[in-house]
Amino acid sequence: MQLTIQEVEHIAELAKLDLSDEEKEQYREQLSSILAYAAMLQNVDTGDIPPTASVLPERSVLREDVVQEPLSPETVLQNAPHQKEQQFKVPIVMENGQ
Amino acid sequence: MTDYEVVIGLETHIQLNTKTKIFCACKADSWDDEPNTNICPVCTGLPGVLPVLNKAVVEKGVLLAKAMHSDIRMRSFFDRKNYFYPDLPKGYQISQYDLSLASGGYLDIPMPEGYTRRVSIHKLHMEEDAGKTKNAGNLRLIDFNRCGVPLVEMVTGPDLRSANEAAQYLIRLRQLLRWLGISEADMEKGHLRCDANVSIRPKGSDQLFTKTEIKNVNSIDNVKNAIEHEVERQIREVEAGNRVHAWTLDWDEEKNELRKMRSKETEADYRYFREPDLLPLDLTQAWLDEILADFPELPLERKSRFISEYKLPEYDADILTGERNLSDYFETAVQQYAGDPKKVSNYLMNDVLRMLNESGKTANQLKLTPAYLAEILKMVDAGQINTSTGKSLLEKVESSGRSPKSIVETEGLGLVSDDSAIRAVAEKIVAASPKEVETFRAGKETLIGWFTGQVMREMRGKADPKLATQILLELLKK
Chain G
1 MQLTIQEVEH IAELAKLDLS DEEKEQYREQ LSSILAYAAM LQNVDTGDIP
51 PTASVLPERS VLREDVVQEP LSPETVLQNA PHQKEQQFKV PIVMENGQ
Chain A
99 MTDYEVVIGL ETHIQLNTKT KIFCACKADS WDDEPNTNIC PVCTGLPGVL
149 PVLNKAVVEK GVLLAKAMHS DIRMRSFFDR KNYFYPDLPK GYQISQYDLS
199 LASGGYLDIP MPEGYTRRVS IHKLHMEEDA GKTKNAGNLR LIDFNRCGVP
249 LVEMVTGPDL RSANEAAQYL IRLRQLLRWL GISEADMEKG HLRCDANVSI
299 RPKGSDQLFT KTEIKNVNSI DNVKNAIEHE VERQIREVEA GNRVHAWTLD
349 WDEEKNELRK MRSKETEADY RYFREPDLLP LDLTQAWLDE ILADFPELPL
399 ERKSRFISEY KLPEYDADIL TGERNLSDYF ETAVQQYAGD PKKVSNYLMN
449 DVLRMLNESG KTANQLKLTP AYLAEILKMV DAGQINTSTG KSLLEKVESS
499 GRSPKSIVET EGLGLVSDDS AIRAVAEKIV AASPKEVETF RAGKETLIGW
549 FTGQVMREMR GKADPKLATQ ILLELLKK
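Line order of the protein sequences matches chains G and A.
Once you know that position 35 of the first sequence is 35 in my numbering, the rest is easy, because the numbers rise by one and skip nothing.
If you want my numbering, it's the position in the second sequence, counting the first as 1, plus 98.
Okay, here's the thing in structure tokens:
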């Protein structure tokens, strides 16, 4: 299970990460070995087992539609490195200026 | 020149009108609120929190699925849709992918031209909304209030054949959402958002050609406008021998034009997988029965019933079923009145609708209740008041909240049906009009209208005109 450099670049693009050539090679190796490890699961025969999304007891947990007190804006923003007009301020990350 | 057929599919996002968000107890509607005031650790994706599904979201989703004739899944799943965007604090959106709340279904759209377009529903699922971002120079400001607001995404098949049909679909969908009471469906407020997939093909072809996607359109008129622009552009491209590219286009309302957006990320890039923080959603038959127990008669069914049961013209029936409160109002008034339903319709279409438009009220908020309207109609029928008094009573009842009868009594608006009072006036008129009496007796009997008019004028409109005519005829034919 060896990832190509193109695959690493694609994954980096999805996460909006700018990687140097050395980093691409480094992550290619690391991600490949993680994938190879996870790929061991493919050896288990699951032919008779229905797809399982959860191993918890089956019951729907639902909430009544009743409003509760939210956090204060001060609390919400207290760890934000940049803020303006009670909003988070972030750099532009998308290619079309969004 | 080739004849082209237009192929349109619509993706709509419907904001449900629950009190709280889909996975936390924050207030859902932040329209009038300051930024970042309705948020908590769950909707901002802080570490260590878990989403808990809002029961009301499921119930409203089920109502919509039922109205769309979709198959409701007794077990559905939530999935993570992964993408990186500053308004999405978790880095993924909780949505439903392959096994959503419902599958299939359709909505019938009656077109003003007389035909009906059946639009198939390809997808119907629940999901959470993202936050809002706003440009501020070369930075962006982020408000997370909208994070976690409940949405139903509904995607149609490529079944619409014109910008007009797309507009009618949205009009009927909006009507239905309000009718079911599951969304305010105000496009300007983003309760109903629409992206349009548009392509063209030579007439007669059943192939699907490359489509473009139009985003960010916030009114029905703009959807229509944007689609028309895009169809023209695609025809120009094809006629010039060029290809249509799978662009995403942004509608610029001010410039009235489409602009190209980022190249579309493919579906595989979203890396969907089952949401591990939520259990499968199991509907029980008992719960489903409970949700659907009060499922209302839908607008188009009610419209046909109004036509067959009350013999209303289609035009009246369409307007009276435009909104659920109004159609309930009409039906209650008809039952209370027990006379000709068309008369009730006339009062509603001419006067009550204007009253509603001017006041911004819905029919159930009027002080002029269906019972009072019926009372006015009955008084007109019985000759106790004349038609114009009846009309003026509508406003008087609405502004005072008093019953029509009591207003008629205290203001003396009732017609005089006292034989002797009318007879006295009639005798006076006959005595004062020898010339007209002579003409009448010489055979010009249509003059009776003039005599009645004189009596009515003398009594300031309060005489019962039928009785006046009868008395006059008696006097003149002596």
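Note that beta-carbon positions come from the ideal geometry of N, C-alpha and C, so glycine has one too.
- Message: DSSP three-state label for Asp426 of chain A, please.
- Response: helix
- Message: Going by DSSP in three states, Tyr190 of chain A sits in which element: helix, strand or coil?
- Response: DSSP places Tyr190 of chain A in strand when its eight states are reduced to three.
- Assuming Ser201 of chain A and Thr254 of chain A make a contact with CB atoms under 8 angstroms, what is their CB distance in whole Å? Their Cβ separation, rounded to whole angstroms, is 14 angstroms, which puts Ser201 of chain A and Thr254 of chain A out of contact at 8 angstroms.
- Query: Lys125 of chain A touches chain G at which residues, Cβ-Cβ below 8 angstroms?
  - Reply: Val67, Pro70
- For the stretch 501 to 545 of chain A, which segments carrying the alpha helix (DSSP H) assignment without a break, of at least 4 residues, lie completely within its bounds, in sequence order? The alpha helix (DSSP H) runs lying completely inside the stretch 501 to 545 of chain A and spanning 4 residues or more are 502 to 509, 517 to 530, 532 to 539, given in chain order.
- May I ask which residues mark the beginning and end of the beta strand (DSSP E) holding Ala234 of chain A? The continuous beta strand (DSSP E) containing Ala234 of chain A extends over residues 230 to 234.
- Consult DSSP for Trp349 of chain A and reduce its assignment to one of helix, strand or coil. If DSSP states are grouped into helix, strand and coil, Trp349 of chain A belongs with the strands.
- Message: What does the alpha-carbon distance come out to for the pair Pro397 of chain A and Glu225 of chain A?
- Response: 27 angstroms
- Message: Beta-carbon within less than 8 angstroms of Asp5 of chain G's beta-carbon, same chain only, minus the 5 sequence neighbours each way: which residues are those?
- Response: A quick correction: the sequence has Ile, not Asp, at residue 5 of chain G. Answer for Ile5 of chain G: Lys24, Glu25, Arg28, listed in chain order.
- Terminal residues of the continuous alpha helix (DSSP H) containing Val329 of chain A? 318 to 337
- Message: Three Cβ pairs or more, each shorter than 8 angstroms: is that satisfied between the stretch 408 to 419 of chain A and the stretch 372 to 380 of chain A?
- Response: no
- Between the Cα of Thr567 of chain A and those of A:Tyr195, A:Arg558, A:Met554, spot the shortest distance and give me the residue it belongs to. A:Met554
- Using a Cβ-Cβ distance under 8 angstroms, would Lys16 of chain G count as near chain A? yes
- Out of A:Asp131, A:Val150, A:Asp130, state which residue places its alpha-carbon closest to the alpha-carbon of Pro139 of chain A. A:Val150
- Return the bridge partner residues of Asn295 of chain A from the DSSP annotation. A:Gly107, A:Glu311
- Query: Considering Asp177 of chain A, what are the terminal residues of the beta strand (DSSP E) in which it resides?
  - Reply: 177 to 180
- Taking the CB atoms as reference points, tell me whether Trp345 of chain A and Asn320 of chain A lie closer together than 8 angstroms. no
- Simplified DSSP state of Lys576 of chain A, which is helix, strand or coil: coil
- Query: Does the stretch 140 to 148 of chain A come close enough to the stretch 165 to 178 of chain A that 3 or more CB-CB pairs lie under 8 angstroms?
  - Reply: No, they do not touch.
- Task: Have a look at the DSSP bridge pairing and note the partners of Ile280 of chain A.
- Result: None, per the DSSP bridge assignment.
- Taking the C-alpha atoms as reference points, what is the distance between Asn115 of chain A and Asn233 of chain A? 28 angstroms
- Contact check, Cys292 of chain A vs Val315 of chain A, beta carbons under 8 angstroms: yes
- Would you list the one or two residues that DSSP bridges to Met116 of chain G? Summary: the structure shown does not reach residue 116 of chain G, with chain G confined to residues 1 through 98, and so no result is reported for it.
- Task: Can you grab the Cα-Cα spacing for the pair Phe307 of chain A / Arg299 of chain A, in whole Å?
- Result: As the crow flies, the alpha-carbon of Phe307 of chain A is around 6 angstroms from that of Arg299 of chain A.
- Going along chain A in order, which residues have a C-beta closer than 7 angstroms to the C-beta of Pro91 of chain G? Leu237
- Message: Pop quiz: Val90 of chain G and Ile137 of chain A are said to be a contact at Cβ under 8 angstroms. What is the actual Cβ separation, rounded to whole angstroms?
- Response: Not really, about 16 angstroms apart at Cβ, beyond 8 angstroms.
- Measure the alpha-carbon distance for Tyr435 of chain A versus Met557 of chain A and round it to whole angstroms. 29 angstroms
- Message: Quick check on the burial criterion: 16 or more other C-beta atoms within 10 angstroms. Buried or exposed for Asp414 of chain A?
- Response: Around the Cβ of Asp414 of chain A, a 10 Å sphere holds 16 or more other Cβ atoms; the residue is buried.
- Message: Strictly below 8 angstroms CB to CB, what residues from chain G border Glu103 of chain A?
- Response: Going along chain G, no residue has its Cβ under 8 angstroms from Glu103 of chain A, so there is no contact; the nearest lies around 32 angstroms.
- Query: In whole angstroms, what separates the C-alpha of His289 of chain A from that of Asn455 of chain A?
  - Reply: Rounded to whole angstroms, His289 of chain A to Asn455 of chain A spans 22 angstroms at the Cα level.
- Once you ignore the five residues that flank Gly97 of chain G on each side, which residues in its own chain have a CB closer than 7 angstroms to its CB? With a pLDDT of 42 at Gly97 of chain G, under the threshold of 50, the predicted position of this residue should be treated as unreliable, though the coordinate-derived value follows. Correct list: empty, nothing qualifies.
- Task: Starting from Val76 of chain G, find everything on chain A with Cβ-Cβ shorter than 8 angstroms and list it in chain order.
- Result: Asn134, Ile137, Thr142, Phe242
- Query: Is the Cβ of Gln86 of chain G closer than 8 angstroms to any Cβ of chain A?
  - Reply: Output row for Gln86 of chain G: interface = yes.
- Query: Which word fits Gly47 of chain G, buried or exposed, when buried means at least 16 other C-beta atoms lie within 10 angstroms of its C-beta?
  - Reply: exposed
- Message: Give me the chain A residues within the contact set of Leu41 of chain G, using Cβ-Cβ distance strictly less than 8 angstroms, ordered along the chain.
- Response: Residues of chain A passing the Cβ test: none, with the nearest at roughly 14 angstroms.
- Item | Where Pro563 of chain A sits in the DSSP three-state scheme | helix
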